[in-house]
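In the working numbering, the protein residues as written are 131 to 379. Everything on this sheet refers to the single structure shown next.
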Ligand code: SF4
Ligand code: SF4
Ligand code: FES
């Protein structure tokens with residue numbers, strides 16, 4: 131039997147201004163390989179399938195266990211994490227491309243810091259003064275914990291933003307992850323102190339109204355976060371808040 135191999139077609143771009151091109155690599159198959167382990171092998175021996183010496187592929191990674199959110203890229207056209215993309219489950223040749231909605235840094239690495247700017251804009255945190263001991267916080271019921279836990283699993287990978295047809299420069303849409311974090315912190319017993327400010331940040335251009343409920347986000351989320359449910363719940367809260375604000379004026 132012929133030895134099995136793994137073929138990867140990788141989109142390369144040496145810098146943000148350069149023209150992109152493709153390179154193909156062939157690796158010897160080993161059990162349990164994933165996309166990141168293939169990229170590590172290429173880095174150890176950066177030679178294309180045609181035998182031409184090249185440079186190692188630039189990509190982001192850290193935890194290698196689908197927790198840090200850094201290794202997101204397009205794998206066979208789908209937004210997903212490289213570290214959990216098993217070669218055995220991928221059609222070959224495996225196509226690797228950088229995300230298309232974020233500025234390129236180099237090769238497969240993109241600048242996805244916009245998600246952190248969006249999270250800052252909606253104050254996605256629990257406001258506590260950590261300079262002195264406040265004692266224990268309010269207790270959360272089992273039901274509240276079960277509602278919050280799935281939302282707390284977000285790893286800021288931006289897969290939901292890449293897949294969303296509404297996430298683009300024209301709309302300035304904040305994206306599903308940010309909205310789901312508004313839901314998480316607005317239902318937290320201490321976090322809800324900033325509820326009104328969070329909802330206000332989602333009103334108007336780029337806010338929740340941009341969502342067209344296409345549901346691409348929920349399909350690609352590696353953490354199975356109930357994004358469309360969170361968007362619907364926050365959408366209702368934003369409408370209620372806008373109505374209340376109208377009569378406050
Ligand atoms: S439901 Fe559709 S439009 Fe709304 S955030 Fe998800 S992918 Fe985007
Ligand atoms: S909601 Fe899901 S897809 Fe979006 S950033 Fe969080 S983990 Fe990633
Ligand atoms: S390396 Fe952390 S999620 Fe893939």
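Beta carbons are placed, not taken as given, at the ideal position from N, Cα and C, and that holds for glycine. Note that the structure is predicted; figures quoted are calculated from it, not measured.
Which residues bound the alpha helix (DSSP H) around residue 127? Outside the shown range of the chain (131 to 379) lies residue 127, about which nothing can therefore be said.
Residues bridged to residue 158 (per DSSP): 135
Roughly how many angstroms separate the alpha carbons of residue 237 and residue 168, rounded to a whole number? 15 Å
Thinking residue 289 and residue 209 are a contact (beta carbons under 8 Å), I'd like their distance in whole angstroms, please. 4 Å
Compute every distance between the C-beta of residue 200 and the non-hydrogen atoms of ligand 3, then say whether any falls below 7 Å. yes
In this structure, how does DSSP classify residue 227 when only helix, strand and coil are distinguished? strand
Touching by the beta-carbon criterion (3+ pairs, under 8 Å), the region 345 to 357 and the region 325 to 333: no
Within the chosen definition, does the region 216 to 226 reach the region 271 to 288 through at least 3 CB pairs nearer than 8 Å? no
Can you determine whether any heavy atom of ligand 3 sits closer than 7 Å to the C-beta of residue 285, and answer yes or no? yes
Own chain residues within Cβ distance below 7 Å of residue 317, not counting five before or after: 274, 277, 278
8 Å contact criterion, which residue 312 and residue 336 should meet: CB distance rounded: Going by Cβ atoms, the distance from residue 312 to residue 336 rounds to 14 Å, so no, they are not a contact pair.
Local conformation of residue 153 per DSSP, three classes: strand
Closer than 8 Å is the cut-off here; do at least three beta carbon pairs connect the region 246 to 260 with the region 195 to 215? no
Would the C-beta of residue 359 count as close to ligand 2, meaning under 7 Å from any of its heavy atoms? no
Could you check if residue 131 is buried or exposed, using at least 16 other CB atoms within 10 Å of its CB as the buried criterion? Unreliable positioning characterises residue 131 in this predicted model, as indicated by a pLDDT of 44, which lies under 50. A coordinate reading is not provided.
Between 191, 297, 201, which lies nearest to residue 248 when the distance is taken from Cα to Cα? 297
Mapping the DSSP letters down to three states, classify residue 211 as helix, strand or coil. strand
First and last residue of the beta strand (DSSP E) that includes residue 204? 202 to 205
Just the C-alpha distance for residue 151 and residue 343, rounded to the nearest angstrom, thanks. 34 Å
Using 8 Å as the threshold, is the C-beta distance between residue 332 and residue 309 below it? yes
Segment limits, beta strand (DSSP E) that includes residue 234: 234 to 236
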